[in-house]
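One structure is given below, encoded as structure tokens.
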Amino acid sequence: MGSTLRDLVRRFHGTGRLDAIVLRPDRLKDAVSVQEARAEPGLGLIGDHRSLKLRQSDAQRHRELSLIQAEHLGLLGVWTGQAPIAPERLRRNLVISGINVAAMHSPFREERFVWRIGGSVRIEITGPCPPCSRMEDELGEGGYAALRGHGGATARIVVGGVLRVGDTVNLDVESTVG
1 MGSTLRDLVR RFHGTGRLDA IVLRPDRLKD AVSVQEARAE PGLGLIGDHR
51 SLKLRQSDAQ RHRELSLIQA EHLGLLGVWT GQAPIAPERL RRNLVISGIN
101 VAAMHSPFRE ERFVWRIGGS VRIEITGPCP PCSRMEDELG EGGYAALRGH
151 GGATARIVVG GVLRVGDTVN LDVESTVG
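1 is the number of the first residue of the sequence shown in the UniProt record's numbering; add one for each residue after it.
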């Protein structure tokens, strides 16, 4: 018997990996890489400027984290005439390899995917993370266009805990929202 589309979107080849954690201490200051960070529902990553304000509603919590595909860093470098782009320059919180970040969100409105990172953290992808106009300044002419469609995703934290570089990333729960 063949697989349905619902079966196929839940099927991933292997385990992902958390390759980098990036904190942005201030909106306009340089981002920094860290080896570990605490993820808190309603706040995001402690030490990131977005964690300074508690968010309570679902609408406010949709962007507690931002993720980008590690494999795209080299492509973005090619498209901007540079070496692979350092994750700090793109200002996304988590750099994930081994799993297609765009596929981490269910295409079905009534279904959501919850992802486990490491031992305790659970996240849900909430949508795409389009580039901001700062990318043109950061990456040079064409930087904004290079990042279009490759800007990663936003997520909310379902269960908090400590994230560490090297943590595994796996589909943890599929739930139906009703």
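Think of the CB as a built atom: it goes at the ideal place given N, C-alpha and C, for glycine as much as any other residue.
Because the structure is a prediction, the values reported are computed rather than measured.
Straight-line gap, H150 to I68 (C-alpha atoms, nearest Å)
8 Å
Starting from P130, trace the alpha helix (DSSP H) both ways and give me its first and last residue.
Premise fails: P130 is in no alpha helix (DSSP H) and is neither H nor E.
Just how far apart, CA to CA, sit L8 and I117?
22 Å
Could you say which of R112, K29, N170 lies nearest to S97 if we only look at CA atoms?
N170
Rounded Cβ spacing between residue 209 and G47 (contact assumed at less than 8 Å)
No statement about residue 209 is possible, as the shown extent of the chain runs from 1 to 178 and does not include it.
Neighbourhood of V32 by C-beta distance below 6 Å, restricted to the same chain and skipping five residues each side
L23
Candidates I125, D167, L163, R91: which alpha carbon is nearest P131's?
R91
Once you ignore the five residues that flank I125 on each side, which residues in its own chain have a CB closer than 6 Å to its CB?
M104, H105, A153, A155
Starting from R116, follow its DSSP beta bridges and name the residues at the other end.
R122, N170
If we count the other Cβ atoms within 10 Å of its Cβ and call it buried at 16 or more, is S51 buried or exposed?
buried
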